[in-house]
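A.B. asks:
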Amino acid sequence: MIAAAGDLEHDQVAALVTRHFAAWDGAADPVLQAPPRPQTDVATRTKETEQVHLCLGTQGLAQDDERRYTLSVLDHLLGGGMSSRLFQEIRERRGLVYSIASYAASYRDGGLFVVYAGMSPDAGPEVIRLTLEEIEKMKLHRVDDAELRRAKESLKGGLMLGLESTGSRMSMLARSEVYHGRQITLDELIAKVDAVTAEDVQRMAGDLFPAGRLSMAAIGPFRSDGHLSASMRKAFEGYVEAKA
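If you read the sequence shown in our numbering, its first letter stands for residue 572, the second for the next number, and so on.
1. For F807 and A788, what's the separation of their Cα atoms in angstroms?
2. Is the number of C-beta pairs between the region 753 to 770 and the region 693 to 701 that are closer than 8 Å three or more?
3. In chain order, what residues of the same chain have a beta carbon less than 7 Å from the beta carbon of L760, not counting five sequence neighbours either side?
4. Would you call the region 582 to 594 and the region 741 to 759 touching, i.e. three or more CB-CB distances under 8 Å?
5. Measuring alpha carbon to alpha carbon, tell me which of M741, A762 and L625 ends up nearest D578.
6. According to the Cβ coordinates, are M709 and L645 closer than 9 Å?
7. Quick one: is Y678 buried, meaning 16 or more other Cβ sit within 10 Å of its Cβ, or exposed?
8. Between the region 668 to 687 and the region 626 to 637, do three or more beta carbon pairs fall short of 8 Å?
9. For L734, collect the residues of the same chain with a Cβ closer than 8 Å to its Cβ; drop the 5 residues on either side in sequence, then sort them by chain order.
10. Between the alpha carbons of Y750 and L627, how many angstroms are there, rounded?
11. I'd like the span of the alpha helix (DSSP H) that includes M803, first residue to last.
12. Tell me which residues share the same chain as V613 and place their Cβ nearer than 8 Å to its Cβ, disregarding the 5 neighbours each side in the sequence.
13. To the nearest angstrom, report how far apart E770 and H581 are at their CA atoms.
14. Looking at Y674: is its Cβ nearer than 9 Å to the Cβ of G651?
15. Which of the three DSSP states is assigned to R774 in this structure?
16. Using alpha carbons as the reference points, say which of E660, P792, H798 and Q610 lies closest to E704.
17. Taking the beta strand (DSSP E) that T611 belongs to, which residues open and close that run?
18. Once DSSP output is grouped into helix, strand and coil, what is the label at H712?
19. What separation, rounded to the nearest whole angstrom, lies between the Cα atoms of A694 and S655?
20. Where does P692 land, buried or exposed, given buried means 16+ other C-beta within 10 angstroms?
21. Use the C-beta contact count for V772: other C-beta atoms within 10 angstroms, 16 or more gives buried, fewer gives exposed.
22. Which of the three DSSP states is assigned to S736 in this structure?
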């Protein structure tokens, strides 16, 4: 797969590709692997850092799953920028983290969804508790229309700004062909985002965040603070057990 964008002529690019790559054998089909079965796990690693780096993750969606547009909106609401729920509640109102954000990654045969936070060690257990509270709110309560509208407008604006870069346009061309076998236009992306409803978001939160599919990973100064790892684990596992 070769993609190109910018001040170029299609026929010239095609001729160059033919000249340099026509002899390559690219007939092999990609090997698809079944995504791993999600389960709860906790992993901590000791590193004498000033911060604790925390990830809470779950299985996401593959590129061919039409619900990925709903997931993008949910991601924006939960942790996608300074207006997101996690940023406003945990960083702005409480000042417990240096940074906090969520992100979704989708691939041909699977995906993941992650919340990342960086904080001082003593804030770790509280940040876990508050993050899980915000996740639970998205599962239990319908997002109001104004908040949903703001998130969708921000997401669409980001999509449009992202395509101002020639490199981003090139990457979008390649991804569309690799994952979908056709070009997905900006207008199509915007229409898909516009079609997402509050009910879609709440349903996605329930599908994405059952307690038995969440995992936690953390790196921090656990050797010098013997209680930190245990207290963070307790905060996470207490939620999982309560919601099981």
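Beta carbons are placed, not taken as given, at the ideal position from N, Cα and C, and that holds for glycine. Bear in mind that the values here come from a model prediction, so they are computed numbers and not experimental data.
C.D. replies: A quick look at the data gives this:
1. Looking up residue 807 in the sequence shown gives position 236. Looking up residue 788 in the sequence shown gives position 217. Each residue's alpha carbon lies about 10 Å from the other.
2. No, the region 753 to 770 is not in contact with the region 693 to 701.
3. What you label residue 760 is simply residue 189 of the sequence shown in a count that begins at 1. Counting only Cβ-Cβ distances below 7 Å, and skipping sequence neighbours, we find L730.
4. Note that the region 582 to 594 does not touch the region 741 to 759; fewer than 3 beta-carbon pairs, one per stretch, sit closer than 8 Å.
5. Mapped onto the sequence shown, residue 578 falls at position 7. Here the closest residue by C-alpha is M741.
6. Here residue 709 is taken as the residue at index 138 of the sequence shown, counted from 1. Here residue 645 is taken as the residue at index 74 of the sequence shown, counted from 1. A contact, by the Cβ cut-off of 9 Å.
7. Against the sequence shown, residue 678 aligns to sequence position 107. It is exposed - the Cβ of Y678 has fewer than 16 other Cβ atoms within 10 Å.
8. Yes, the region 668 to 687 touches the region 626 to 637.
9. Counted from its first residue, the sequence shown places residue 734 at position 163. Correct list, in chain order: R740, M743 and L757.
10. Position 179 of the sequence shown, counting from 1, holds the residue named residue 750. Position 56 of the sequence shown, counting from 1, holds the residue named residue 627. Taking the straight line from one Cα to the other gives about 27 Å.
11. For the purposes of this step, residue 803 is taken as residue 232 along the sequence shown, with counting starting at 1. Per DSSP, M803 belongs to the alpha helix (DSSP H) from L799 to K814.
12. Translated into positions along the sequence shown, residue 613 becomes position 42. Cβ within range, chain order: S786, M787, A788, R804, F807 and E808.
13. Start at 1 with the first residue of the sequence shown, and residue 770 comes out as number 199. Start at 1 with the first residue of the sequence shown, and residue 581 comes out as number 10. Their backbone Cα atoms lie some 44 Å apart in a straight line.
14. In the sequence shown, the residue the question calls residue 674 occupies position 103. In the sequence shown, the residue the question calls residue 651 occupies position 80. Closer than 9 Å, so yes.
15. Against the sequence shown, residue 774 aligns to sequence position 203. Residue state for R774 is assigned as helix, using DSSP reduced to three classes.
16. What you label residue 704 is simply residue 133 of the sequence shown in a count that begins at 1. Looking from the CA of E704, the closest CA among E660, P792, H798 and Q610 belongs to E660.
17. Along the sequence shown, read from residue 1 onward, the residue named residue 611 stands at position 40. T611 -> no beta strand (DSSP E), and no H or E assigned at all.
18. Position 141 of the sequence shown, counted from the first residue, corresponds to residue 712. Coil at H712, not helix or strand.
19. Here residue 694 corresponds to residue number 123 of the sequence shown, with the count starting at 1. Here residue 655 corresponds to residue number 84 of the sequence shown, with the count starting at 1. Using only the alpha carbons, I get a separation of about 20 Å.
20. Here residue 692 refers to the residue found at position 121 when the sequence shown is read from its first residue. That one is buried.
21. Locating residue 772 in the sequence shown gives position 201, counting from the first residue. Looking at its Cβ environment, which holds 16 or more other Cβ atoms inside 10 Å, V772 is buried.
22. Residue 736 sits at position 165 when you count from the first residue of the sequence shown. In the three-state reduction of the DSSP assignment, S736 falls in the coil class.
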